[in-house]
Each structure stands twice: as C-alpha cells, then as structure tokens.
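> Numbering (the UniProt record's numbering), first residue to last: 1 to 143.
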Amino acid sequence: MNTETFAKAYAAFYEELSPSFRTKEYAVFFDKNSQFEDPFQKVEGLEAIQHIFVDMYEKLHEPRFVVDEVICSEEVAYLKWQFIYDMNPKEETQTFTGVSRVTFSTSGKVLTHTDYWDAAQHVYEKIPILGSIIRLIKRKLHA
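(1) Output the residue ranges of the alpha helix (DSSP H) runs that lie fully inside the UniProt domain "SnoaL-like" (25-111) and measure 4 residues or longer, sorted by chain position.
(2) Glu16 to Lys8, Cα distance in whole Å?
(3) Which residues share a DSSP beta bridge with Thr114?
(4) Among Lys80, Ser20 and Ile49, which one has its Cα closest to the Cα of Asp31?
(5) With 16 other CB atoms within 10 Å as the buried threshold, where does Phe6 fall?
(6) What would DSSP say about Arg22, mapped onto helix, strand or coil?
(7) Closest to Glu58 by C-alpha separation, out of Met87, Ala77 and Val76, would be which residue?
(8) Exposed or buried, which one is Phe40 when buried takes at least 16 other CB atoms within 10 Å?
(9) Would you mind sorting Ser107 into buried or exposed? The rule is 16 or more other CB atoms within 10 Å of its CB.
(10) Taking 7 Å as the limit between beta carbons, can you name the residues of its chain near Thr103, skipping five residues before and five after?
(11) Please go through the same chain and pick out, in chain order, the residues whose beta-carbon is closer than 6 Å to the beta-carbon of Ile71, but skip the five residues on each side of it.
(12) State yes or no: is the C-beta of Trp81 within less than 8 Å of the C-beta of Ser100?
(13) On a Cα-Cα basis, can you pick out the residue from Thr114, Val54, Ser20 and Val66 that is closest to Ala11?
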C-alpha cells in the first residue's frame with residue numbers, strides 16, 4: 001500500500017463519517033500514536049480523536065465533509081475539503097473550505113492530521129461582539 005491508497009481510503013472515511021460510528025470505525029485509521037490538530041485543539045490517540053467527532057455531532061446539526069481533492073507525495077497527503085453544517089435545524093446551512101495535511105504509517109494509520117482553515121472568518125466572526133470587532137479590523141486593513 002502507498003500514501004495515495006491510504007489517502008483515498010481516508011477521504012472516503014471522512015465523507016462517510018456518521019454519529020453512529022463507533023471505536024472500530026475510527027480504529028481503521030487511528031491508534032494511540034495518531035495526532036490530530038485543528039485551529040482549536042491538538043490531541044493524541046484514538047479515543048481523543050474520536051471524542052472530537054462525537055462532540056461535533058453533539059454540537060452541530062448534520063455536519064458533513066465533502067473531499068474535493070486529494071494530492072499526495074511519497075510521504076504526505078493533502079485533502080481539500082468542504083465542511084457543511086447547520087448550528088441547528090432552523091438556521092441556514094454553513095459551508096467552508098479547508099485543507100488537511102496527513103501523514104500515514106506503513107500500515108495506513110494516521111500519524112499526523114493537521115487541519116488548516118480560517119477560524120476567524122468561520123467561527124469568531126459569528127460571535128456577536130467579537131465578530132463586529134474582527135470585521136471592523138478587516139475593513140481598516142483593506143481601506
């Protein structure tokens with residue numbers, strides 16, 4: 001197996017993620033050595049990574065990923081994705097794009113998964129007072 005094979009299987013896993021997934025589904029790609037990082041957290045190990053996704057399903061309404069692109073080198077894969085979610089069923093669907101840099105062990109387990117996306121634009125700007133301040137700063141910078 002090679003990085004491209006692992007990355008394509010991993011991308012399919014992301015697109016199929018479900019609140020019904022249990023440890024056995026996560027264990028296909030993660031183990032005690034796997035590291036996951038995004039703009040809000042950095043965790044290590046299968047249980048901690050699984051908790052991130054369980055928490056996501058508890059806090060958001062029908063979140064899902066669509067992987068648009070998978071690019072691989074010998075040792076690294078980059079996945080360009082869209083995250084689609086609602087804060088609750090009555091609100092408008094939100095979408096943003098991000099990129100994940102992923103490295104795999106020789107057995108196909110994730111060694112490192114680092115997400116890159118704009119937390120200021122997609123989260124902080126939506127917080128009432130903080131969002132107003134961030135938008136004001138952005139306008140000043142672009143003036």
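Ideal placement from N, C-alpha and C gives every residue a C-beta, glycine not left out.
Inspection of the coordinates gives the following:
(1) 46-59
(2) The residue labelled residue 16 in the question sits at position 16 within the sequence shown. The residue labelled residue 8 in the question sits at position 8 within the sequence shown. Approximately 12 Å between the Cα atoms of the pair.
(3) Reading the sequence shown from its first residue, position 114 is the one you call residue 114. For Thr114, which the question treats as bridged, DSSP gives the partners Glu37 and Arg101.
(4) If you number the sequence shown from 1, residue 31 lands on position 31. Of the candidates Lys80, Ser20 and Ile49, the one whose C-alpha sits nearest the C-alpha of Asp31 is Ile49.
(5) Taking the first residue of the sequence shown as position 1, residue 6 is located at position 6. By the neighbour-count rule (16 or more Cβ atoms within 10 Å), Phe6 is buried.
(6) Start at 1 with the first residue of the sequence shown, and residue 22 comes out as number 22. Of the three classes helix, strand and coil, the one that applies to Arg22 here is coil, per DSSP.
(7) One-based indexing of the sequence shown puts residue 58 at position 58. The shortest Cα separation from Glu58 among Met87, Ala77 and Val76 belongs to Met87.
(8) Within the sequence shown, numbered from 1, the residue matching residue 40 stands at position 40. Its Cβ having fewer than 16 others within 10 Å, Phe40 is exposed.
(9) Within the sequence shown, residue 107 is the residue found at index 107, counting from 1. Exposed, since its Cβ has fewer than 16 Cβ neighbours within 10 Å.
(10) Your numbering for residue 103 matches position 103 in the sequence shown. Once the five neighbours on either side are set aside, the close Cβ partners of Thr103 are Glu75, Val76, Leu111 and Thr112.
(11) By one-based count along the sequence shown, residue 71 stands at place 71. Around Ile71: Tyr78.
(12) If you number the sequence shown from 1, residue 81 lands on position 81. If you number the sequence shown from 1, residue 100 lands on position 100. A contact, by the Cβ cut-off of 8 Å.
(13) In the sequence shown, the residue the question calls residue 11 occupies position 11. If we check each option's Cα against that of Ala11, Val66 comes out closest.
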